[in-house]
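Peer 1: The following block contains the structure, expressed as structure tokens.
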Amino acid sequence: MARRQFQIPVIPEKDLTQPINDLLALVEQLMVENNRLKETVQQLRDEISVLKNEKAKPKIKPSNLDRDAGKNGDKSDDEKNTTGGDGKRPGSAKRSKTDQLVIHVEKEIAPSEPIPPGSRFKGFRDYVVQDIKISTHNVLYRMECWLTPDGRWLTGQLPACVQGSHFGPTLRGFVLYQYHHCHVTQPLLLEQVSEWGVDISVGQINAILATGNEAFINEKKDLLVTGLEVCQSVTVDDTGARHKGKNGYATHIGNDFFAWFQSTNSKSRINFLELLHAGTVVYHINDDAIAYMQEYGLAKSIINVLESYNVGSVSGLMWWNRFLDLLGVTSDQHRKIATEGALIGGLFEKGLNPILAIISDGAGQFAVLLHGMCWVHAERLVHTLIPFSDLHRQAIDSVRSAIWELYADLKAYRENPDPSKIVSLEQRFDDIFIQNTGYETLNQTLRRLHNHKNELLLVLQRPDVPLHTNGSESDIREYAKRRKVSGGTRSDSGRVCRDTFISLKKTCRKLGVSFWSYLIDRLSHAKEILPLADIVRQRAALVHSGVP
6 MARRQFQIPV IPEKDLTQPI NDLLALVEQL MVENNRLKET VQQLRDEISV
56 LKNEKAKPKI KPSNLDRDAG KNGDKSDDEK NTTGGDGKRP GSAKRSKTDQ
106 LVIHVEKEIA PSEPIPPGSR FKGFRDYVVQ DIKISTHNVL YRMECWLTPD
156 GRWLTGQLPA CVQGSHFGPT LRGFVLYQYH HCHVTQPLLL EQVSEWGVDI
206 SVGQINAILA TGNEAFINEK KDLLVTGLEV CQSVTVDDTG ARHKGKNGYA
256 THIGNDFFAW FQSTNSKSRI NFLELLHAGT VVYHINDDAI AYMQEYGLAK
306 SIINVLESYN VGSVSGLMWW NRFLDLLGVT SDQHRKIATE GALIGGLFEK
356 GLNPILAIIS DGAGQFAVLL HGMCWVHAER LVHTLIPFSD LHRQAIDSVR
406 SAIWELYADL KAYRENPDPS KIVSLEQRFD DIFIQNTGYE TLNQTLRRLH
456 NHKNELLLVL QRPDVPLHTN GSESDIREYA KRRKVSGGTR SDSGRVCRDT
506 FISLKKTCRK LGVSFWSYLI DRLSHAKEIL PLADIVRQRA ALVHSGVP
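Its first residue numbered 6, the sequence shown is counted upward by one per residue in this note's numbering.
What follows is the structure, given as structure tokens:
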């Protein structure tokens, strides 16, 4: 039998000459899609684990951008300043623990055994014990009643601190402090004070938390007005905050002097601009409004119509919408741009600080006015990329090292501004973010960040602005804790009080004011602590004058 002959197939020439770069790009795309599928599977597994009351897979570790990239785990300058040059935390040095304490009771203790004759008294060996006294303190106010000869009644008046409530300022302050500062739930609060002998109901605890807090609400409003007036920059952020069983959002505006929160049903740019109005929202058509509308491509015919109507300032969304209806502006996109422009015009008409800088994580709703971007969030886009080869891993490490070095130099520039370094720092920025690394996904990420060059390098023109939004990230974490404890608010008054007391608590901490002392001062009408807005104004004035 003749041996069967096999013929080797001829591969078309076009397949042999296919560019290898196209094949590599295809492989990379497939690997990216495969990685996305893996992430989706892991998310589903995490959700199943949560439903089974099991722990989910830990999320990505925080970025190390704000730390030195030095070898051997060397700490950054910020960490050294925080922990001390020797690595110890502040306040850990040896000191007397009792010399500043107020001694309320002194008790002398003789030796338990008889003192032999001829012994000499050599003084005392002091031993201080700290303790607190928890007990009820009920007061009966007996208001005198007099009937005058002309038939009028004269009656004694209750102190202002107890009018409208059968609970004193210390008890009300304790309930507010435990709930808003210590995250103690209402059932536990009821159990706690009841065990101490206080006769109080669930409804009365809820009333202390959600009603009669108008003075606190007004003081919280003044914080934003003053902060935007006297501060040169603020950081902003938002997070989820459920209300009445529906998804909502809490927006944070603040800096080193104050923290201000507001919960709404939206996280749009219109919502953010309305919050910046800090009270009455005003719509106004002026040069700033027109410039914004032109920048975002509003039809020239609509701009001309808006300019032709000299309507002045319009207060209230309902009246503004009626005005747009009158002009025949019906497109949702056109109405959106016109409304945003009018809100910006209203801000400047109300006297918004013209040098105010807004630093955010890059979310689109915050990109208004003089806007800067957070470097930590920008670097995180590179940090979270998943390499598929050693080449990719080396490219990511190289880029991150370059970013760390540039960030360290920007921090040094912020401390000691030197205009002669601006050109070189800008050139280094370009070299990092327009380079070709051989990893296409990384290249695209860098190009996207390069489009925000002016926002990331705002510090070169304004050394007073922060390079990150760590303050906002830290402040707004309060809402994440509350979501885990109680889910969300169920009444409008509860929602307002939540935002109010979180704002006041965080601001007290920034200003070095005891939140407990603040609550008792306000509830007892002592007025020994200045309004927080006044303290913010004083601190900002000191900083701007160069006083450390």
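Where a beta carbon is used, it is the ideal one built from N, C-alpha and C, also for glycine.
If you're wondering where the values come from, they're calculated on a predicted model, not measured in any experiment.
I believe C166 touches S522 by the beta-carbon criterion, under 8 Å. Please report the beta-carbon distance rounded to the nearest angstrom.
Peer 2: Position 161 of the sequence shown, counted from the first residue, corresponds to residue 166. Position 517 of the sequence shown, counted from the first residue, corresponds to residue 522. Contact doesn't hold; Cβ gap of about 15 Å is too wide.
Peer 1: With DSSP as the reference, identify every bridge partner of H289, one or two as the case may be.
Peer 2: Translated into positions along the sequence shown, residue 289 becomes position 284. Per DSSP, S318.
Peer 1: According to DSSP, simplified to helix, strand and coil, what is M323?
Peer 2: Along the sequence shown, one-based indexing puts residue 323 at 318. Residue state, collapsed to three classes: helix.
Peer 1: Does the beta carbon of G377 fall short of 6 Å from some heavy atom of the ligand FMN?
Peer 2: Ligands in the displayed structure: none, and consequently the ligand FMN is not present.
Peer 1: Identify which residue in E38, I213, R398, F221 has its Cα closest to the Cα of V387.
Peer 2: Position 382 of the sequence shown, counted from the start, is the residue given in the question as residue 387. Nearest of E38, I213, R398, F221 to V387, Cα basis: R398.
Peer 1: Please state whether DSSP places T141 in a helix, a strand or coil.
Peer 2: Sequence index remark: in the sequence shown, residue 141 carries index 136 (1-based). Note: T141 maps to coil in three-state DSSP.
Peer 1: Excluding sequence positions up to five away, which residues of its chain have a Cβ less than 8 Å from the Cβ of L106?
Peer 2: To locate residue 106, count along the sequence shown from 1; it is residue 101. Same-chain partners within the cutoff: V133, Q135.
Peer 1: May I ask you to list the residues that DSSP assigns as paired with I364?
Peer 2: The residue labelled residue 364 in the question sits at position 359 within the sequence shown. I364 pairs with T240, G377.
Peer 1: Do K355 and V287 have their beta-carbon atoms positioned less than 7 Å apart in this structure?
Peer 2: Numbered from 1 along the sequence shown, position 282 holds the residue referred to as residue 287. Numbered from 1 along the sequence shown, position 350 holds the residue referred to as residue 355. Cβ distance < 7 Å, so V287 and K355 count as in contact.
Peer 1: Might you give, ordered along the chain, the residues of its own chain that have their beta carbon closer than 6 Å to the beta carbon of W265, omitting 5 neighbours on each side?
Peer 2: Working through the sequence shown from its first residue, we reach residue 265 at position 260. Around W265: L228, L229, I258, G259, S508.
Peer 1: Between which two residues does the beta strand (DSSP E) harbouring A255 extend?
Peer 2: Residue mapping note: residue 255 aligns to position 250 of the sequence shown, counting from 1. A255 -> beta strand (DSSP E) spans 254-259.
Peer 1: For my contact list, L375 and A383 are in at a C-beta cut-off of 8 Å; report their separation, rounded to the angstrom.
Peer 2: As a first step, residue 375 is located in the sequence shown; it is residue number 370 there, counting from the start. As a first step, residue 383 is located in the sequence shown; it is residue number 378 there, counting from the start. Wrong, their Cβ atoms sit about 18 Å apart, outside the cutoff.
Peer 1: In this structure, what does DSSP give as the bridge partners for F266?
Peer 2: Taking the sequence shown and counting its residues from 1, one reaches residue 266 at position 261. The partner list for F266 (beta bridge, DSSP) reads H257.
Peer 1: Is the beta carbon of H186 less than 7 Å from the beta carbon of K510?
Peer 2: Within the sequence shown, residue 186 is the residue found at index 181, counting from 1. Within the sequence shown, residue 510 is the residue found at index 505, counting from 1. Taking 7 Å as the Cβ cut-off, H186 and K510 qualify as a contacting pair.
Peer 1: Quick check on the DSSP output: the beta strand (DSSP E) that includes T190 runs from which residue to which?
Peer 2: On the sequence shown, position 185 is the one that residue 190 refers to. T190 -> no beta strand (DSSP E), and no H or E assigned at all.
Peer 1: In terms of alpha-carbon separation, which member of W201, T450, E33 lies closest to I401?
Peer 2: Position 396 of the sequence shown, counted from the first residue, corresponds to residue 401. It is T450 whose Cα lies nearest to the Cα of I401.
Peer 1: By Cβ distance below 7 Å, which residues in the same chain neighbour N252 in space, the five residues on each side in sequence not counted?
Peer 2: Mapped onto the sequence shown, residue 252 falls at position 247. So the qualifying residues of the chain are G245.
Peer 1: Give the DSSP bridge partners of C150, in chain order.
Peer 2: The residue given as residue 150 occupies position 145 in the sequence shown. BP columns for C150 point to T160.
Peer 1: For L29, which of F434, F393, L516, F506 has the nearest alpha-carbon?
Peer 2: One-based indexing of the sequence shown puts residue 29 at position 24. Among F434, F393, L516, F506, the Cα nearest to that of L29 belongs to F393.
Peer 1: For T494, list the residues DSSP reports as bridge partners.
Peer 2: To locate residue 494, count along the sequence shown from 1; it is residue 489. According to DSSP, which records beta bridges pairwise, T494 is partnered with H248.
Peer 1: Classify N211 as helix, strand or coil using the three-state DSSP reduction.
Peer 2: Residue numbering aside, residue 211 sits at position 206 when the sequence shown is read from its first letter. Helix at N211.
Peer 1: CB V334 to CB W325, shorter than 7 Å?
Peer 2: Here residue 334 corresponds to residue number 329 of the sequence shown, with the count starting at 1. Here residue 325 corresponds to residue number 320 of the sequence shown, with the count starting at 1. No, these two residues do not count as a Cβ contact at 7 Å.
Peer 1: Rounded to the nearest angstrom, what separates L163 and Y146 at their Cα positions?
Peer 2: Here the question's residue 163 lines up with position 158 in the sequence shown. Here the question's residue 146 lines up with position 141 in the sequence shown. Whole-angstrom Cα-Cα distance: 7 Å.
Peer 1: Leaving aside the five residues before and after K85 along the sequence, list all residues of the same chain whose C-beta is less than 7 Å from its C-beta, in chain order.
Peer 2: As a first step, residue 85 must be located in the sequence shown, where it is residue number 80. In this prediction, K85 has a pLDDT of 47, which is less than 50 and means its spatial position is unreliable; what the coordinates show is noted afterwards. The answer is none, since no qualifying residue turns up.
Peer 1: For I534 and D526, I'd like the C-alpha separation in whole angstroms.
Peer 2: Residue mapping note: residue 534 aligns to position 529 of the sequence shown, counting from 1. Residue mapping note: residue 526 aligns to position 521 of the sequence shown, counting from 1. The alpha-carbon atoms of I534 and D526 are separated by roughly 7 Å.
Peer 1: Kindly indicate the opening and closing residues of the alpha helix (DSSP H) around R115.
Peer 2: For the purposes of this step, residue 115 is taken as the residue at position 110 of the sequence shown. Strictly speaking, residue 115 in this sequence is Ala, with Arg absent from that position. Neither: A115 is in no alpha helix (DSSP H) and is coded neither H nor E.
Peer 1: If we count the other Cβ atoms within 10 Å of its Cβ and call it buried at 16 or more, is Y444 buried or exposed?
Peer 2: The residue given as residue 444 occupies position 439 in the sequence shown. Buried: at least 16 other Cβ atoms inside 10 Å.
Peer 1: Closest by CA to Q370, which one among L281, D292, R514, L233?
Peer 2: Stepping through the sequence shown from its first residue, residue 370 is reached at position 365. Ranking L281, D292, R514, L233 by Cα distance to Q370 puts L281 first.
Peer 1: What whole-angstrom Cβ distance do T231 and V541 have, given they're in contact under 8 Å?
Peer 2: Numbered from 1 along the sequence shown, position 226 holds the residue referred to as residue 231. Numbered from 1 along the sequence shown, position 536 holds the residue referred to as residue 541. 5 Å between Cβ atoms; contact.
Peer 1: Is T240 near I439, with beta carbons less than 7 Å apart?
Peer 2: In the sequence shown, counting from the first residue as 1, residue 240 sits at position 235. In the sequence shown, counting from the first residue as 1, residue 439 sits at position 434. No, these two residues do not count as a Cβ contact at 7 Å.
Peer 1: Following the continuous alpha helix (DSSP H) through S406, name the residue where it begins and the one where it ends.
Peer 2: Numbered from its first residue, the sequence shown carries residue 406 at position 401. Element bounds for S406: 395-420.
Peer 1: What do you reckon, are the CB atoms on R488 and H248 nearer than 7 Å?
Peer 2: As a position in the sequence shown, residue 488 is number 483, starting the count at 1. As a position in the sequence shown, residue 248 is number 243, starting the count at 1. The answer is no: Cβ separation not under 7 Å.
Peer 1: In whole angstroms, give me the CA-to-CA distance for P468 and G350.
Peer 2: Here residue 468 corresponds to residue number 463 of the sequence shown, with the count starting at 1. Here residue 350 corresponds to residue number 345 of the sequence shown, with the count starting at 1. In a straight line, the C-alpha of P468 is about 27 Å away from that of G350.
Peer 1: Pull up the distance between the alpha-carbon of L159 and that of T175, whole angstroms please.
Peer 2: Numbered from 1 along the sequence shown, position 154 holds the residue referred to as residue 159. Numbered from 1 along the sequence shown, position 170 holds the residue referred to as residue 175. Distance between the alpha carbons of L159 and T175 is about 29 Å.
Peer 1: Using C-beta distances below 6 Å, list every residue in its chain close to D82, excluding the 5 sequence neighbours before and after it, in chain order.
Peer 2: Within the sequence shown, residue 82 is the residue found at index 77, counting from 1. Low confidence applies to D82: its pLDDT is 49, below 50, so where it sits in the model is not reliable enough to give any reading.
Peer 1: Could you please give the first and the last residue of the uninterrupted alpha helix (DSSP H) stretch that includes L462?
Peer 2: Residue numbering aside, residue 462 sits at position 457 when the sequence shown is read from its first letter. Note, L462: premise wrong, no alpha helix (DSSP H); not H, not E.
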